[in-house]
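Undergrad:
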Amino acid sequence: MAWSAAQYVKFEDERTRPARDLLAQVPDLRQGPLFDIGCGPGNSTELLAARFAGVPLTGVDSDADMLAAARQRLPDIPFVQGDLTAWHPGEAPALLFANAVLQWMPDPAVSIARLAGMLAPGGVLAVQMPDNLDEPTHRAMREIAADPDFANAYEAGLPDRNSLPAPGHLINLLSPLCTRVDVWHTIYYHRLEGPEAIVEWVKGTGLRPYLAPLPDERRQAFLARYRTRIRAAYPPLADGRVLLRFPRLFLLAVRNGSVPA
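Following this note's numbering, the numbering of the sequence shown begins with 1451 at its first residue and continues without gaps.
1. The beta strand (DSSP E) with HIS1640 in it runs from where to where?
2. Which whole-angstrom value describes the C-beta separation of GLY1654 and THR1587, a residue pair presumed to lie in contact below a C-beta threshold of 8 Å?
3. Where are the beta strand (DSSP E) runs, 3 residues long or more, that stay fully inside the region 1532 to 1600, in chain order?
4. Quick one: using the 10 Å Cβ neighbour count with 16 as the cut-off for buried, is PRO1626 buried or exposed?
5. Residues in the same chain with beta-carbon distance under 8 Å from SER1613, minus the five sequence neighbours each way, listed in chain order, please.
6. Could you tell me the boundaries of the alpha helix (DSSP H) in which ALA1499 lies?
7. Using only CA atoms, which one of LEU1534, ALA1548 and PRO1558 lies nearest to LEU1702?
8. Assuming GLY1618 is part of the alpha helix (DSSP H), what are its boundary residues?
9. Hey, how far is the Cα of VAL1692 from the Cα of ASP1581?
10. Go through its chain and collect everything with a Cβ distance to PRO1450's Cβ below 7 Å, but skip five positions before and after it.
11. Between the alpha carbons of VAL1649 and GLN1481, how many angstroms are there, rounded?
Okay, here's the thing in structure tokens:
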């Protein structure tokens, strides 16, 4: 499925805030290369480049449109295309930064363990994943897609993401390999201009797999029904705007081993 960098960056400030919050928890790093995996249009890569100026940094993404936007934004940084289920760095990383990408993996816990195993001794894995499958935005997607009017378009089944691993499972999984494993949740409350802004937000991410298989007429019908659900689920604030509740799961792990001086 193709992604749209232009659609994604409509809410760039809000989407970049979790990356800033994750980066703030990354400690000083050992020597070695840095990788921004699932780099998207380069907004998170830009944060890494600013903090770790002069350190080798590479962005990795599976989508050509996202990579084109990232290269335009940061022409001096290499960006490579790769399937993140199979990608492997050429050199053990000092940092693997995965902002809002591993939730799309078939099994996020397996991907997290695999990435942690790639780190150099003392290397850092920093992960942020949306944890919003139970929010009205995503419940509405699943319920509309399951309706007979749309269900036959999803031949391989509904395009649901898998649930995220429990914090305890992540800690148990990584503790034998890592000297430090921190897991935490943050709930963001984004004040947006109205229900249509919420629709535009999810059209750049979670709604895309539901819309992509539909022909245009049925896509418009899906969106019309979805807009009705969103208007009902997100009533206006006193100023007419709406509040989008957005939970996110964070993880920071430091690989066993001494850090070179």
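For every residue, glycine included, the Cβ atom is placed at its ideal position computed from N, Cα and C.
TA: According to the structure data:
1. 1628 to 1642
2. Rounded, the Cβ-Cβ distance is 12 Å, inconsistent with contact.
3. Those beta strand (DSSP E) runs which fall completely within the region 1532 to 1600 and span 3+ residues are 1545 to 1549 and 1574 to 1580.
4. exposed
5. LEU1583
6. 1493 to 1501
7. ALA1548
8. 1617 to 1624
9. 20 Å
10. Since the first and last residues shown for the chain are 1451 and 1711, residue 1450 lies out of range.
11. Cα to Cα, the separation comes out at about 43 Å.
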